[in-house]
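Chemist:
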Amino acid sequence: MTALGIDVGGTYTKWVTLEGEAVSDSGTVPTPPGPEETVELAASLAPHAGSIGIGLPGHVDRDTGTALFVPNPPGDWDGYPVGERLGALTGVPVSVVNDARAFARAELALGAARGLADVLFAVLGTGVGGAVALRGAVLVGPRDNLGEIGHVTVSPWGPACCCGNRGCVETFAAGPGIVRAFGPRTVKATAAEVAEAARAGDERAAQAFEQAGWALGVALGDAAAFFGVGSVVVGGGVSGALDLMRSTLNNELARRRPLIGDVTVLPAVLGPMAGAIGAALYGRRS
Numbered sequence: 047m048t049a050l051g052i053d054v055g056g057t058y059t060k061w062v063t064l065e066g067e068a069v070s071d072s073g074t075v076p077t078p079p080g081p082e083e084t085v086e087l088a089a090s091l092a093p094h095a096g097s098i099g100i101g102l103p104g105h106v107d108r109d110t111g112t113a114l115f116v117p118n119p120p121g122d123w124d125g126y127p128v129g130e131r132l133g134a135l136t137g138v139p140v141s142v143v144n145d146a147r148a149f150a151r152a153e154l155a156l157g158a159a160r161g162l163a164d165v166l167f168a169v170l171g172t173g174v175g176g177a178v179a180l181r182g183a184v185l186v187g188p189r190d191n192l193g194e195i196g197h198v199t200v201s202p203w204g205p206a207c208c209c210g211n212r213g214c215v216e217t218f219a220a221g222p223g224i225v226r227a228f229g230p231r232t233v234k235a236t237a238a239e240v241a242e243a244a245r246a247g248d249e250r251a252a253q254a255f256e257q258a259g260w261a262l263g264v265a266l267g268d269a270a271a272f273f274g275v276g277s278v279v280v281g282g283g284v285s286g287a288l289d290l291m292r293s294t295l296n297n298e299l300a301r302r303r304p305l306i307g308d309v310t311v312l313p314a315v316l317g318p319m320a321g322a323i324g325a326a327l328y329g330r331r332s
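Its first residue numbered 47, the sequence shown is counted upward by one per residue in the working numbering.
Here you go:
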């Protein structure tokens with residue numbers, strides 16, 4: 047059975063079709079301007095799919111397929127019946143899940159965490175998502191919200207976050223936070239461009255990634271203390287610059303070694319389609 051998986055991001059939407067465990071087709075498009083347009087796009091992607099999974103960057107009601115709190119993509123998603131609408135357009139079963147939990151499911155089943163039972167996951171992109179797997183299962187929570195590492199507070203008086211808090215990891219380690227730390231420029235930079243500048247020797251760019259690594263290290267150290275987990279998988283579009291964050295990230299984890307022990311940080315291996323692959327795996331279960 048062909049399974050369609052869709053990963054809706056704040057900037058881009060990615061999709062894959064799975065035949066067994068193999069990706070048979072994939073693509074990336076700019077995220078449409080709202081939920082209705084996104085659902086219509088999803089319905090057009092695989093007309094012969096037997097199941098659909100769609101991952102959203104926020105909280106969802108898995109039972110009803112409703113978006114509850116999805117702040118980063120364009121448009122007003124809150125309360126939108128994603129599963130019901132997509133199911134009506136396609137006539138096939140639909141699973142609506144959190145994108146970080148979808149990423150974790152993919153990396154746990156087919157990627158960097160394959161063979162591991164207890165793992166933390168961090169997804170660095172327009173925002174910072176997170177997930178936790180214990181005893182080989184990705185934990186969910188009542189709003190598909192368990193493991194929100196991106197909204198751990200690392201600086202109570204830091205930048206305002208879309209969640210209503212201040213100083214969340216996301217405000218430092220997501221793409222926009224890295225760009226903001228890089229400083230104002232006449233032409234708006236991207237996180238990839240800041241990484242390129244850092245590798246070319248730009249000190250301010252390097253400091254932006256060092257700050258991101260510090261923030262991520264604080265949050266992962268807290269999560270490791272809470273869950274007793276010694277492995278971390280980091281993915282997402284910004285994770286290509288993980289090397290620029292590793293020093294401060296590792297320093298934070300090492301500082302807390304007496305409590306949390308050694309924590310191994312692994313790069314994700316399924317690439318930018320991991321979230322879509324995980325969504326397809328969840329959709330197949332429906």
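No residue lacks a Cβ here, since even glycine has one placed at the ideal position from N, Cα and C. It should be emphasised that the depicted structure is a prediction, and the values quoted were computed from it without experimental measurement.
Report yes if the C-beta distance between residue 150 and residue 183 is below 8 Å; otherwise report no.
Modeler: no
Chemist: When you compare the CB positions of residue 277 and residue 170, do they come within less than 8 Å of one another, or not?
Modeler: Not a contact, by the Cβ cut-off of 8 Å.
Chemist: Does the beta-carbon of residue 174, which I'm using as the reference point, lie nearer than 7 Å to any heavy atom of the ligand ATP?
Modeler: What this structure holds is no ligand at all, so the ligand ATP is not there to describe.
Chemist: Rounded to whole angstroms, how far is the Cβ of residue 228 from the Cβ of residue 251, which I believe are closer than 8 Å?
Modeler: 6 Å
Chemist: With 16 as the cutoff for other CB atoms within 10 Å, does residue 131 come out buried or exposed?
Modeler: By the Cβ-count criterion, residue 131 is buried, with 16 or more other Cβ atoms from all chains shown falling within 10 Å of its own Cβ.
Chemist: Can you tell me which of the three DSSP states residue 126 falls into?
Modeler: coil
Chemist: Unbroken alpha helix (DSSP H) runs of length 4 or more, entirely within the stretch 105–163: which are they?
Modeler: 128–136, 145–156
Chemist: Can you grab the Cα-Cα spacing for the pair residue 122 / residue 304, in whole Å?
Modeler: Straight through space, the alpha carbons of residue 304 and residue 122 are spaced by roughly 45 Å.
Chemist: Less than 8 Å separating the beta-carbons of residue 337 and residue 193?
Modeler: The shown model of the chain, from 47 to 332, leaves out residue 337, and the question about it has no answer.
Chemist: Per DSSP, what kind of secondary structure is residue 203 in: helix, strand or coil?
Modeler: coil
Chemist: Can you tell me whether DSSP reads residue 212 as helix, strand or coil?
Modeler: strand
Chemist: From the DSSP secondary-structure annotation, give me the bridge partner or partners of residue 53.
Modeler: 60, 101
Chemist: Determine the extent of the beta strand (DSSP E) in which residue 277 is found, giving its start and end residues.
Modeler: 277–281
Chemist: For residue 262, list the residues DSSP reports as bridge partners.
Modeler: In DSSP, residue 262 forms no bridge with anything.
Chemist: Do residue 60 and residue 282 count as a contact pair if the criterion is CB distance below 8 Å?
Modeler: no
Chemist: To the nearest angstrom, how far is the alpha carbon of residue 49 from that of residue 248?
Modeler: Spanning the two alpha carbons is a distance of roughly 44 Å.
Chemist: Run through DSSP, which three-state label would residue 194 get?
Modeler: Here DSSP, grouped into helix, strand and coil, assigns residue 194 to coil.
Chemist: Rounded to the nearest angstrom, what separates residue 324 and residue 297 at their Cα positions?
Modeler: If you draw a straight line from the Cα of residue 324 to the Cα of residue 297, it comes to about 31 Å.
Chemist: Rank 53, 95, 127, 74 by C-alpha distance to the C-alpha of residue 144 and give the top, closest one.
Modeler: Checking every option, the nearest Cα to that of residue 144 belongs to 53.
Chemist: If residue 30 sits next to residue 213, beta carbons under 8 Å apart, how far is it from one beta carbon to the other, in whole angstroms?
Modeler: Nothing about residue 30 can be read from this structure; the chain reaches only from 47 to 332.
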